[in-house]
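Participant: Read top to bottom, the protein sequences are chains A and B. Take the first sequence: its letters are residues 135 to 438, numbered as in our numbering. Take the second sequence: its letters are residues 135 to 438, numbered as in our numbering. All C-beta atoms, glycine included, are put in the ideal place defined by N, C-alpha and C. Quick caveat: nothing in here was measured; it's all calculated off a predicted structure.
There are 2 protein chains.
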Amino acid sequence: MFERIAILGAGLIGASVALAAREAGAARVVALYDANEAVRARAKEIGLGEIAESAEAAVMGAELVVLAVPVGAMGAAMQSIAPHLAQGAILTDVGSVKGAVLNAVGPHLPAHAVFVPGHPIAGTEHSGPDAGFASLFHGRWHVLTPFDESEEGKTALGKLVAFWEKLGARVEVMSHERHDVVLAVTSHLPHLIAFNIVAMAEDLENVTETEVVKYSASGFRDFTRIAASDPTMWRDVFLNNREAVLEVLGRFSEDLAALQRAIRWGDGQSLYTIFDRARRMRREVIDAGQDTPAPNWGRDTKGE
Amino acid sequence: MFERIAILGAGLIGASVALAAREAGAARVVALYDANEAVRARAKEIGLGEIAESAEAAVMGAELVVLAVPVGAMGAAMQSIAPHLAQGAILTDVGSVKGAVLNAVGPHLPAHAVFVPGHPIAGTEHSGPDAGFASLFHGRWHVLTPFDESEEGKTALGKLVAFWEKLGARVEVMSHERHDVVLAVTSHLPHLIAFNIVAMAEDLENVTETEVVKYSASGFRDFTRIAASDPTMWRDVFLNNREAVLEVLGRFSEDLAALQRAIRWGDGQSLYTIFDRARRMRREVIDAGQDTPAPNWGRDTKGE
Numbered sequence: 135m136f137e138r139i140a141i142l143g144a145g146l147i148g149a150s151v152a153l154a155a156r157e158a159g160a161a162r163v164v165a166l167y168d169a170n171e172a173v174r175a176r177a178k179e180i181g182l183g184e185i186a187e188s189a190e191a192a193v194m195g196a197e198l199v200v201l202a203v204p205v206g207a208m209g210a211a212m213q214s215i216a217p218h219l220a221q222g223a224i225l226t227d228v229g230s231v232k233g234a235v236l237n238a239v240g241p242h243l244p245a246h247a248v249f250v251p252g253h254p255i256a257g258t259e260h261s262g263p264d265a266g267f268a269s270l271f272h273g274r275w276h277v278l279t280p281f282d283e284s285e286e287g288k289t290a291l292g293k294l295v296a297f298w299e300k301l302g303a304r305v306e307v308m309s310h311e312r313h314d315v316v317l318a319v320t321s322h323l324p325h326l327i328a329f330n331i332v333a334m335a336e337d338l339e340n341v342t343e344t345e346v347v348k349y350s351a352s353g354f355r356d357f358t359r360i361a362a363s364d365p366t367m368w369r370d371v372f373l374n375n376r377e378a379v380l381e382v383l384g385r386f387s388e389d390l391a392a393l394q395r396a397i398r399w400g401d402g403q404s405l406y407t408i409f410d411r412a413r414r415m416r417r418e419v420i421d422a423g424q425d426t427p428a429p430n431w432g433r434d435t436k437g438e
Numbered sequence: 135m136f137e138r139i140a141i142l143g144a145g146l147i148g149a150s151v152a153l154a155a156r157e158a159g160a161a162r163v164v165a166l167y168d169a170n171e172a173v174r175a176r177a178k179e180i181g182l183g184e185i186a187e188s189a190e191a192a193v194m195g196a197e198l199v200v201l202a203v204p205v206g207a208m209g210a211a212m213q214s215i216a217p218h219l220a221q222g223a224i225l226t227d228v229g230s231v232k233g234a235v236l237n238a239v240g241p242h243l244p245a246h247a248v249f250v251p252g253h254p255i256a257g258t259e260h261s262g263p264d265a266g267f268a269s270l271f272h273g274r275w276h277v278l279t280p281f282d283e284s285e286e287g288k289t290a291l292g293k294l295v296a297f298w299e300k301l302g303a304r305v306e307v308m309s310h311e312r313h314d315v316v317l318a319v320t321s322h323l324p325h326l327i328a329f330n331i332v333a334m335a336e337d338l339e340n341v342t343e344t345e346v347v348k349y350s351a352s353g354f355r356d357f358t359r360i361a362a363s364d365p366t367m368w369r370d371v372f373l374n375n376r377e378a379v380l381e382v383l384g385r386f387s388e389d390l391a392a393l394q395r396a397i398r399w400g401d402g403q404s405l406y407t408i409f410d411r412a413r414r415m416r417r418e419v420i421d422a423g424q425d426t427p428a429p430n431w432g433r434d435t436k437g438e
């Protein structure tokens, strides 16, 4: 158990770490700071922890510091706390991109602290302090991308593994390069596609927004959930994982063009083959415990 | 209440209509026929209704006949039952495309029967007789696209509206042209995109299928649900609503290219504006009662 941890950023993830760490007995004192005054006030109101009035005050004496701000704000956050970190402090983050965070945070890291980047594969479409809940990490993967091979680095990694496991997560270690390529496929591209189709549907010439909303249960509504995610966070993801996202997006467009061609030429066999292949993937996701088998996720009345 | 209805096709929708009609007291006898022998056997086993050994036997004496086969099989199904339809029989269908069904069914329609095409905006990713359940249509829209303006046509329309309302649906009447354009946006394109991204992820060069499955909770898993839908049904949808799908797909690709460009050039303002616009659509879908506001659709442990 850590005596004191500090969390910078009291959004969905920061708030959930605070609640989970206390519920799991992974930290005695949880200090939080958020650059937004209204968020700080709300975090205090709902009792997320000890709310500090500055980033420096939050990290003072903390054994573990969790950066839970958008990827694009990591560098500045690190810069502001660097001189105030305790001797031997462990630093981690929860950013969805790992290479860019390392580049932004690394240069400001003082010699007396250790940095182990991380990313919880968990979240919801909601944001802000009220969206946090203690069980968010239960059964979910937490990826750590350590780079420091010193003794201190290894000790810090071990402590972080134990911390996240206490919060209910399963921990996986990989390089930040690998993380960024894999997440471009499983997370960044799906979000980009969802944002695109939902934003598009809002200003079509021949179908009204009211019609789209009214008949959204036929498929479209699924995309709106993902597209409801925090726009600042996602802007930063795409700006900071550009290469990997552009590469997988190129492949997506290429395959979509092939589907388009099959539709235009009435090539039912190709369509069937591709659809059938896609179907098998669902079974694997369910077997891996990554989703519920309930039809429609059980969301419709008696839909199970 | 109908004395006897016949349903051709005992898949998810056909089975649900059978169960719903009996539960709601909308039909005294429900006869079903499916071209697949194993499906017929299973339908009998789980007690969906009176299972006929031929389409002709099923429709004999039925006041209402529901075509619940894939869109591409509607014409042949109609041809086989046409000479056996009862005097004054009402015919409807549940196909996801309405123009093509009208073209396929219309020419075989005998003078003594009335056809009112329809489409329930309801379903799950599961298929087959076991996937059916009586409450599938509760609170969902059912679209009817009548074309017959005779007295008989109007009477049939009125009876079908009453029938679907008894099954719990809300009924909307529109032209088949309008239906096909609206559904291309809300249903056909989302499914095409989902099929495409899921099939793509199965054979990437630099990311393994195991990795995709393992980290699918970060967005990808949502797409696998939709992509698990019946491939035959969907092949037929795309082959039969070609123009509308190609048009909206063109717009989708155009907008995606703009997002791609914004990422390449680091244009964070454009990304933010588009993402923020997409987010608002989610609120409208929830306010319209078309989806649950529970984070992650409440599917993760204590995720609410």
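1. Please state if the CB of Pro244/A and the CB of Val173/A are separated by a distance shorter than 8 Å.
2. I need the straight-line Cα distance from Pro217/A to Glu190/A, nearest angstrom please.
3. Should Ile180/A be labelled buried (16 or more other beta-carbon atoms within 10 Å of its own) or exposed?
4. Determine whether the beta carbon atoms of Leu301/B and Ala177/B lie at a separation below 8 Å.
5. Which parts of the region 151-227 of chain A are runs of the beta strand (DSSP E), unbroken and 3 residues or longer, counting only runs that do not cross its ends?
6. Near Pro251/B, what residues of its chain come up, given a Cβ to Cβ distance below 8 Å and the 5 sequence neighbours on each side ignored?
7. Am I right that Leu405/A and Ala396/A are in contact with their C-beta atoms under 8 Å? What's the rounded C-beta distance?
8. Classify Arg162/B as buried or exposed, calling it buried when 16 or more other Cβ atoms lie within 10 Å of its own Cβ.
9. When you compare only the Cα positions, how much space is there between Gly402/B and Arg369/A?
10. Quick check on this structure: which residue in Met308/A, Ser387/A and Gly257/A has the alpha carbon closest to the alpha carbon of Ile327/B?
11. Alpha carbon to alpha carbon, how far is Met212/B from Gly432/B? Give it in angstroms, no decimals.
12. Since I believe Ala265/B is in contact with Ala149/B (beta carbons under 8 Å), could you give me their beta-carbon distance rounded to a whole number of angstroms?
13. So who's on the other strand from His253/B, going by DSSP bridges?
14. What is the residue span of the beta strand (DSSP E) that Arg304/A lies within?
15. So if I threshold CB-CB distances at 7 Å, which residues from the region 291-320 of chain B count as touching chain A?
16. Could one say the Cβ of Lys232/A lies closer than 8 Å to chain B's Cβ atoms, at least one of them?
17. Can Glu336/A and Glu345/A be called in contact, C-beta distance under 8 Å?
18. Are the beta-carbon atoms of Gln424/B and Ser284/A separated by less than 8 Å?
19. Can you tell me which residues form a DSSP beta bridge with Val248/A?
20. Would Arg416/A and Ala361/B be called neighbours here (beta carbons separated by less than 8 Å)?
21. Count the other C-beta atoms from every protein chain shown that fall within 10 angstroms of the C-beta of Ala175/B, then say buried if there are 16 or more, exposed otherwise.
22. Since Gly143/B and Ala202/B should fall inside the 8 Å C-beta cutoff, what is the C-beta to C-beta distance between them, to a whole number of angstroms?
23. Between Tyr167/B and Val315/A, what straight-line distance do the alpha-carbon atoms span, to the nearest angstrom?
24. If you run the structure through DSSP and keep just helix, strand and coil, what is Phe329/B?
25. Any beta-carbon of chain A closer than 8 Å to the one on Asn237/B?
26. Checking contacts by CB at 8 Å: is Thr279/B closer than that to chain A?
27. Taking just the CA atoms, how far does Phe267/B sit from Asn330/A?
28. Grab me the residues of Thr366/A's own chain with a C-beta within less than 6 Å of its C-beta, minus the 5 sequence neighbours each way, in chain order.
29. What is the residue span of the beta strand (DSSP E) that Glu137/B lies within?
30. So, helix, strand or coil for Gln403/A, using DSSP?
31. I'd like the span of the alpha helix (DSSP H) that includes Gln424/A, first residue to last.
32. Quick one: residues in its chain with C-beta nearer than 7 Å to the C-beta of Lys436/B, no 5 flanking neighbours on either side, listed in chain order?
33. Report the residue ranges of all alpha helix (DSSP H) runs contained in full by the region 352-401 of chain B; include only those spanning at least 4 residues, in chain order.
34. On a Cα-Cα basis, can you pick out the residue from Ile147/B, Ile420/B, Gly353/B and Lys288/B that is closest to Val200/B?
35. Thr226/A versus chain B: which residues are under 8 Å apart at the beta carbon?
36. What residues of chain B sit near Ser350/A, judged by a beta carbon separation below 8 Å?
Facilitator: With the given structure in hand:
1. Locating residue 173/A in the first sequence gives position 39, counting from the first residue. Locating residue 244/A in the first sequence gives position 110, counting from the first residue. Cβ atoms of Val173/A and Pro244/A: not closer than 8 Å.
2. To locate residue 217/A, count along the first sequence from 1; it is residue 83. To locate residue 190/A, count along the first sequence from 1; it is residue 56. So the alpha carbons of these two residues sit roughly 8 Å apart.
3. In the first sequence, residue 180/A corresponds to position 46, counting from 1. Burial call: exposed.
4. In the second sequence, the residue the question calls residue 301/B occupies position 167. In the second sequence, the residue the question calls residue 177/B occupies position 43. Contact: no.
5. If we require 3 residues or more, the beta strand (DSSP E) runs fully inside the region 151-227 of chain A come out as 161-167, 198-201 and 224-227.
6. Numbered from its first residue, the second sequence carries residue 251/B at position 117. Around Pro251/B: Thr226, Asp227, Gly229, Lys232, Val235, Leu236, Val239, Leu278, Thr279, Pro280, Phe281 and His310.
7. Taking the first sequence and counting its residues from 1, the one referred to as residue 405/A is at position 271. Taking the first sequence and counting its residues from 1, the one referred to as residue 396/A is at position 262. With 8 Å as the limit, Leu405/A and Ala396/A qualify as a contact, their Cβ atoms being about 5 Å apart.
8. Here residue 162/B refers to the residue found at position 28 when the second sequence is read from its first residue. The residue is exposed, with fewer than 16 neighbouring Cβ atoms inside 10 Å.
9. For the purposes of this step, residue 402/B is identified with residue 268 of the second sequence, where counting begins at 1. For the purposes of this step, residue 369/A is identified with residue 235 of the first sequence, where counting begins at 1. Gly402/B and Arg369/A: Cα-Cα distance of roughly 6 Å.
10. Residue numbering aside, residue 327/B sits at position 193 when the second sequence is read from its first letter. Closest by alpha carbon: Ser387/A.
11. Position 298 of the second sequence, counted from the start, is the residue given in the question as residue 432/B. Position 78 of the second sequence, counted from the start, is the residue given in the question as residue 212/B. Taking the straight line from one Cα to the other gives about 42 Å.
12. Position 15 of the second sequence, counted from the first residue, corresponds to residue 149/B. Position 131 of the second sequence, counted from the first residue, corresponds to residue 265/B. Cβ atoms of Ala149/B and Ala265/B come within 8 Å of each other, at about 7 Å.
13. For the purposes of this step, residue 253/B is taken as the residue at position 119 of the second sequence. DSSP output for His253/B lists Val277/B as bridge partner(s).
14. As a working mapping, residue 304/A is identified with position 170 in the first sequence. Arg304 to Val307 is the span of the beta strand (DSSP E), which, as asked, contains Arg304/A.
15. Along the region 291-320 of chain B, the positions whose C-beta sits under 7 Å from a C-beta of chain A are Val315, Val316, Leu317, Val319 and Thr320, read in chain order.
16. By 1-based counting over the first sequence, the position of residue 232/A is 98. With 8 Å as the cut-off, Lys232/A does not count as an interface residue toward chain B.
17. What you label residue 336/A is simply residue 202 of the first sequence in a count that begins at 1. What you label residue 345/A is simply residue 211 of the first sequence in a count that begins at 1. In this structure, Glu345/A does not lie closer than 8 Å to Glu336/A by Cβ.
18. Position 290 of the second sequence, counting from 1, holds the residue named residue 424/B. Position 150 of the first sequence, counting from 1, holds the residue named residue 284/A. No, the Cβ-Cβ distance between Gln424/B and Ser284/A is not below 8 Å.
19. Indexing the first sequence from 1 puts residue 248/A at position 114. In the DSSP output, where bridge partners are listed per residue, Val248/A has Ile224/A.
20. Position 282 of the first sequence, counted from the first residue, corresponds to residue 416/A. Position 227 of the second sequence, counted from the first residue, corresponds to residue 361/B. Contact flag set, yes.
21. Locating residue 175/B in the second sequence gives position 41, where the first residue counts as 1. With fewer than 16 Cβ atoms within 10 Å of its Cβ, Ala175/B is classed as exposed.
22. Position 9 of the second sequence, counted from the first residue, corresponds to residue 143/B. Position 68 of the second sequence, counted from the first residue, corresponds to residue 202/B. Yes, they are in contact, since the Cβ atoms of Gly143/B and Ala202/B sit about 4 Å apart, within 8 Å.
23. Here residue 167/B is taken as the residue at index 33 of the second sequence, counted from 1. Here residue 315/A is taken as the residue at index 181 of the first sequence, counted from 1. Cα-Cα distance, rounded: 49 Å.
24. Working through the second sequence from its first residue, we reach residue 329/B at position 195. DSSP places Phe329/B in helix when its eight states are reduced to three.
25. For the purposes of this step, residue 237/B is taken as the residue at position 103 of the second sequence. Taking CB atoms only, Asn237/B has no neighbour in chain A less than 8 Å away.
26. On the second sequence, residue 279/B is found 145 positions in, with the first residue counted as 1. No, no contact with chain A.
27. Position 196 of the first sequence, counted from the first residue, corresponds to residue 330/A. Position 133 of the second sequence, counted from the first residue, corresponds to residue 267/B. Using only the alpha carbons, I get a separation of about 34 Å.
28. For this step, residue 366/A is matched to residue 232 along the first sequence. Around Thr366/A: Pro204.
29. Along the second sequence, one-based indexing puts residue 137/B at 3. Unbroken beta strand (DSSP E) run through Glu137/B: Phe136 to Leu142.
30. Numbered from 1 along the first sequence, position 269 holds the residue referred to as residue 403/A. Looking at Gln403/A - three-state DSSP - the assignment turns out to be helix.
31. Against the first sequence, residue 424/A aligns to sequence position 290. That residue, Gln424/A, is in no alpha helix (DSSP H); it is neither H nor E in DSSP.
32. If you number the second sequence from 1, residue 436/B lands on position 302. Confidence at Lys436/B is low in this model, with a pLDDT of 43, below 50, so the placement of that residue should be treated as unreliable; the coordinate-derived value is given next. Answer for Lys436/B: no residue qualifies.
33. Complete alpha helix (DSSP H) runs here, min 4: 354-360, 365-374 and 376-398.
34. In the second sequence, counting from the first residue as 1, residue 200/B sits at position 66. From the listed residues Ile147/B, Ile420/B, Gly353/B and Lys288/B, the smallest Cα separation to Val200/B is found for Ile147/B.
35. Taking the first residue of the first sequence as position 1, residue 226/A is located at position 92. Residues of chain B passing the Cβ test: none, with the nearest at roughly 18 Å.
36. Within the first sequence, numbered from 1, the residue matching residue 350/A stands at position 216. Under a criterion of Cβ atoms nearer than 8 Å, the residues of chain B adjacent to Ser350/A are, in order, Thr320, Val419, Ala422, Gln424 and Asp425.
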